[in-house]
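Single-structure report; data block below.
Protein chains in written order, with the working numbering: chain X, 209 to 434; chain H, -13 to 210.
Next up, the structure:
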């Protein structure tokens, strides 16, 4: 049950957010959790390393089961708590296949986003190049256009895999939330904007919204011109 | 059924190989398939782009539905054909958790090995740094040690538990790829044992990359 679960997390981290949305959707509120700070390097602290030798967040335990990879935790929670909360994996084979496809494309989307917004976190000063950042931005634009296209084809009010909210939305929405936090223009990406507005009102998303985004409603403008 | 499935693939590509292993394990032989060449740029051809707008291999279709991401295809096939062939995701909660964890950790292994293997391909000349090359190699070494540790704890020749699972489907092609590129069997004995131990499993043998059969191994990773 929820009280056998422990989550160590960081605010604004999409992987952490994914797990939190899944826990909300499966009515597993009441889990133990601790908010840690990336800036203070708390993700490399002993309490994290004891559970997650990679020194990363999220770090998630259910009883003795340690599942730190956010996608793994989401699949696990849906599987173990299938009969409670929202059904996150649809039965229809076509919808299910589309859900899986979008989920795994979501990893690429997340990587391309990080390569732009966290360029300076990942690349030491002496190795940074304008040309590299430019190329990363172009790759992100190509990726965003793909997702804009996916949403266009499904029509207004749709979720990523069709008419229902699924695991694809659980794992990809945090990335979409982040792109708008960093200033993406909803005028230039209207379908993504529509999707963002739809999901941000969902109870599980609202309940797990990054606290520091609530404290500072104004985000960054790194992506405003792309 | 198998004949409603189409796979466009490249020899030696771990993502392509994963799908082929699952198709074998689930007794779905007889699918339509076409071997394409990365070298000739065939992954960017029209027939690939029609299934996979990203212009990547594998390009896989199950009926009308594209499932180009290898893990997506593997999960979907296991789910759809749950009752036939090998059971790749067990019901037992603890094992399932570990299998899922390892499946998604492979991403880290793939990223860290790709940046070493393909550094000069990924990074244009003016942006390359020895410091980056060194750091990437150190990161890959640390990652490999983690996997060596996981296999140290494993007892039956599989990455998790006593049976072949989805974790092996996802992990094995990546491990084999590293040895094909010169990873040292002396320095990574548990990984080598795992690699050799599963080589003759029917699904793996049947889908072994054709271009590896007569080709000498590369040496890129021999000093890692």
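Glycine included, each C-beta is placed from N, C-alpha and C at the ideal position. Since the model is a prediction, treat every value here as computed from it, not as a measurement.
- Look at the region 240 to 284 of chain X and you find these whole runs of alpha helix (DSSP H), each 4 residues long or longer: 254 to 257.
- For residue 149(H), the closest C-alpha among the options 0(H), 183(H), 112(H) and 177(H) is that of 183(H).
- By a beta-carbon distance limit of 8 Å, residue 63(H) does not contact residue -5(H). Their separation comes to about 15 Å.
- In terms of Cβ geometry, residue 123(H) and residue 301(X) do not form a close pair [threshold 8 Å].
- For residue 362(X), the uninterrupted alpha helix (DSSP H) run begins and ends at 338 to 362, by DSSP.
- Going by beta carbons, residue 223(X) and residue 386(X) fall outside the 8 Å limit.
- Residue 277(X) belongs to the set of residues whose beta carbon lies under 8 Å from a beta carbon in chain H.
- In this structure, the beta-carbon distance from residue 217(X) to residue 244(X) falls below 8 Å.
- Here residue 177(H) is not near residue 129(H), since their CB atoms are 8 Å or more apart.
- The CB of residue 283(X) comes closer than 7 Å to the CB of 86 in chain H, given here in chain order.
- According to the DSSP assignment, residue 2(H) belongs to the alpha helix (DSSP H) that extends over 0 to 11.
- By the Cβ test, the region 75 to 82 of chain H is not in contact with the region 336 to 353 of chain X, since fewer than three Cβ pairs between them sit closer than 8 Å.
- Judged by DSSP in its simplified three-state form, residue 386(X) adopts helix.
- In terms of CA proximity to residue 215(X), 275(X) leads the group 247(X), 261(X), 253(X) and 275(X).
- Leaving aside the five residues that flank residue 160(H) on each side, the residues in its chain whose CB is nearer than 8 Å to its CB run, in chain order, 0, 92, 95, 96 and 99.
- With a cut-off of 8 Å on Cβ pairs, the region 303 to 312 of chain X is in contact with the region 55 to 62 of chain H, counting three or more such pairs.
- Neighbours of residue 337(X) across chain H, judged by C-beta separation under 8 Å: 112 and 113.
- The bridge partners DSSP lists for residue -7(H) are 19(H) and 46(H).
- A Cβ-Cβ distance of about 5 Å is found for the pair residue 233(X) and residue 412(X), placing them in contact under the 8 Å criterion.
- At a cut-off of 8 Å, the C-beta of residue 186(H) has no neighbouring C-beta in chain X.
- Here residue 218(X) carries a strand assignment [DSSP, helix/strand/coil].
- Scanning chain H for C-beta atoms nearer than 7 Å to the C-beta of residue 311(X) yields 58, reported in chain order.
- Under the DSSP definition of a beta bridge, residue 185(H) lacks any partner.
- Using a Cβ-Cβ cut-off of 7 Å, residue 308(X) is close to 53, 58, 61 and 62 of chain H, given in chain order.
- Contact check for residue 151(H) and residue 74(H): beta-carbon distance about 6 Å, within the 8 Å limit, so the pair qualifies.
- The region 1 to 12 of chain H and the region 408 to 424 of chain X do not touch, with fewer than 3 CB-CB distances between them shorter than 8 Å.
- Shown here for residue 374(X): same chain residues with a beta carbon closer than 8 Å to its own, the five before and five after excluded, namely 296, 297, 298, 303, 307, 367 and 368 in chain order.
- The continuous alpha helix (DSSP H) containing residue 105(H) extends over residues 105 to 108.
- Within its own chain, the residues whose Cβ lies closer than 8 Å to the Cβ of residue 206(H), once the five positions on either side in sequence are excluded, are 102, 103, 167 and 168, listed in chain order.
- Within chain H, the residues whose beta carbon sits less than 7 Å from that of residue 305(X) are 48, 51, 53 and 62, listed in sequence order.
- Ranked by Cα distance from residue 349(X), the first of 329(X), 396(X) and 309(X) is 396(X).
- Listed along chain X are 261, each with a C-beta nearer than 7 Å to that of residue 132(H).
- Under a 10 Å Cβ-count criterion, residue 211(X) is classified as exposed, with fewer than 16 other Cβ atoms of the shown protein chains found around its own Cβ.
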